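Those letters in the sequence shown? Residues 189 to 481, by the numbering used here.
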Amino acid sequence: MMPGKLIGEMIERQRFWLDPLGDALGNLISRWKATGGDNATQVLDFLHGVWLEHPQHPALTDATIGAWTVGFLADALDAAAPSENLKQCADGSIALGVISGLGTAATGLADWHHLGGRSRRLGLMHGVLNLSALSLYTAALALRCAKRRSAGRNLAMVAYGVASVSAYLGGELVFGAGVGVNRGAWERPAKDFVAVLPEGELEENTPRRVTANGASVVLVRRYGRIHALAETCSHLGGPLSQAHLKEGTIVCPWHGSQFALDDGRVVHGPATFPQTAYDVRVKDGQIEVRGRG
């Protein structure tokens, strides 16, 4: 049996405790978001990476795993040929990984909150292992500070193994479940104007799904102006034709991502990638669209 399938089955067998834990944690985040209002939204936007126009969690995981890998190698070399420089390198790298690991955990929790089913369980196990590795590394640093370097080194080795398994699960979330990827990355907008709908059939403030050269597009008429964006939400694929409008934005019905109608930019997450925007014109009574740029 392939490792990925084996690990997946092992996680599914743990759903008896993963699902209740996930529900409790998810409800806690939802209540905080509901009571926190705009402040909670701004915090979550920051954690998701809206300001970066890219998911923030994977960037921090690279810093964390990278630091711990340097620490692992420095510890191994120091064990073979003791060196004060290697000891300082190992300690500093592990400490850096612990610091960035706190941000990694916070951003991961924000992203995980919107998952469901198998992805939710996989993400929760990923997070549990990450927190376990973070705790073990913190304890390893404490042992080093207490002049118990050998014990601290051994514990760090265990922590690195836990972090490696967690990193594998994180990769499975991205490449196996498509979490964190731009769901519109494979769209090929029409290069020339394509007729998609008679103008009279588009109602004011009512999103309407159409197809342009095989690509799903959502049309919105607002204050007489017609806007066109990719219909599939870039976050997790929600249907924007079922969305509602809010202050010049379209709000995904699944997780609440808000996109500006005029250019598709992300106004509020959890999405971090913008929606593909289309040029629009009306010709001979037909609404026509084409990809911008």
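Glycine is no exception: its CB is placed at the ideal position from the N, C-alpha and C atoms. In this text, all values refer to a predicted model and were calculated from it rather than measured experimentally.
Does the beta-carbon distance from LEU433 to TYR466 come in below 8 Å? Along the sequence shown, one-based indexing puts residue 433 at 245. Along the sequence shown, one-based indexing puts residue 466 at 278. No, they are not a contact pair.
Tell me which residues share the same chain as LEU317 and place their Cβ nearer than 8 Å to its Cβ, disregarding the 5 neighbours each side in the sequence. Counted from its first residue, the sequence shown places residue 317 at position 129. Counting only Cβ-Cβ distances below 8 Å, and skipping sequence neighbours, we find VAL350, ALA351, VAL353, SER354 and LEU357.
Look at SER281 and ALA262 and say whether their C-beta atoms are less than 8 Å apart. Looking up residue 281 in the sequence shown gives position 93. Looking up residue 262 in the sequence shown gives position 74. A contact, by the Cβ cut-off of 8 Å.
Counting along the chain, where does the beta strand (DSSP E) carrying HIS386 start and finish? Locating residue 386 in the sequence shown gives position 198, counting from the first residue. The question names His, but residue 386 in the sequence shown is Pro. Here the beta strand (DSSP E) through PRO386 covers 382–386.
May I ask you to report which of helix, strand or coil DSSP gives SER218? Stepping through the sequence shown from its first residue, residue 218 is reached at position 30. SER218: helix per DSSP, three-state reduction.
Residue range of the alpha helix (DSSP H) that includes ASP482: The chain is shown only over 189 to 481; residue 482 falls outside these bounds and no answer can be derived.
Option in ARG337, TYR325, VAL362 and GLY340 with minimal Cα separation from HIS314: In the sequence shown, residue 314 corresponds to position 126, counting from 1. It is VAL362.
Beta carbon of LEU310 nearer than 8 Å to that of ALA293: In the sequence shown, the residue the question calls residue 310 occupies position 122. In the sequence shown, the residue the question calls residue 293 occupies position 105. No.
Since LEU390 and ARG396 should fall inside the 8 Å C-beta cutoff, what is the C-beta to C-beta distance between them, to a whole number of angstroms? As a first step, residue 390 must be located in the sequence shown, where it is residue number 202. As a first step, residue 396 must be located in the sequence shown, where it is residue number 208. Going by Cβ atoms, the distance from LEU390 to ARG396 rounds to 6 Å, so yes, they are a contact pair.
Would you mind stating whether ALA278 and ASP266 have Cβ atoms separated by less than 8 Å? Counting from 1 along the sequence shown, the entry for residue 278 is found at position 90. Counting from 1 along the sequence shown, the entry for residue 266 is found at position 78. Yes, these two residues count as a Cβ contact at 8 Å.
From ARG410 to VAL439, what does the alpha carbon distance come to, in whole angstroms? For this step, residue 410 is matched to residue 222 along the sequence shown. For this step, residue 439 is matched to residue 251 along the sequence shown. So the two alpha carbons sit approximately 14 Å from each other.
State the Cα-Cα distance for the pair ARG308 and GLY210, rounded to the nearest angstrom. Residue 308 sits at position 120 when you count from the first residue of the sequence shown. Residue 210 sits at position 22 when you count from the first residue of the sequence shown. Between ARG308 and GLY210, the alpha-carbon positions lie close to 8 Å from each other.
Taking three-plus beta-carbon pairs below 8 Å as touching, is the segment 448–462 in contact with the segment 398–405? no
Unbroken alpha helix (DSSP H) run spanning GLU272, endpoints: Taking the sequence shown and counting its residues from 1, the one referred to as residue 272 is at position 84. Unbroken alpha helix (DSSP H) run through GLU272: 272–300.
Since I believe GLN230 is in contact with GLY237 (beta carbons under 8 Å), could you give me their beta-carbon distance rounded to a whole number of angstroms? Here residue 237 corresponds to residue number 49 of the sequence shown, with the count starting at 1. Here residue 230 corresponds to residue number 42 of the sequence shown, with the count starting at 1. Wrong, their Cβ atoms sit about 13 Å apart, outside the cutoff.
Roughly how many angstroms separate the alpha carbons of VAL258 and PRO441, rounded to a whole number? Numbered from 1 along the sequence shown, position 70 holds the residue referred to as residue 258. Numbered from 1 along the sequence shown, position 253 holds the residue referred to as residue 441. A straight-line Cα-Cα distance of about 43 Å links VAL258 and PRO441.
For PHE447, the residue or residues it bridges with in DSSP: Within the sequence shown, numbered from 1, the residue matching residue 447 stands at position 259. Answer by DSSP bridge pairing, in chain order: ILE438 and VAL454.
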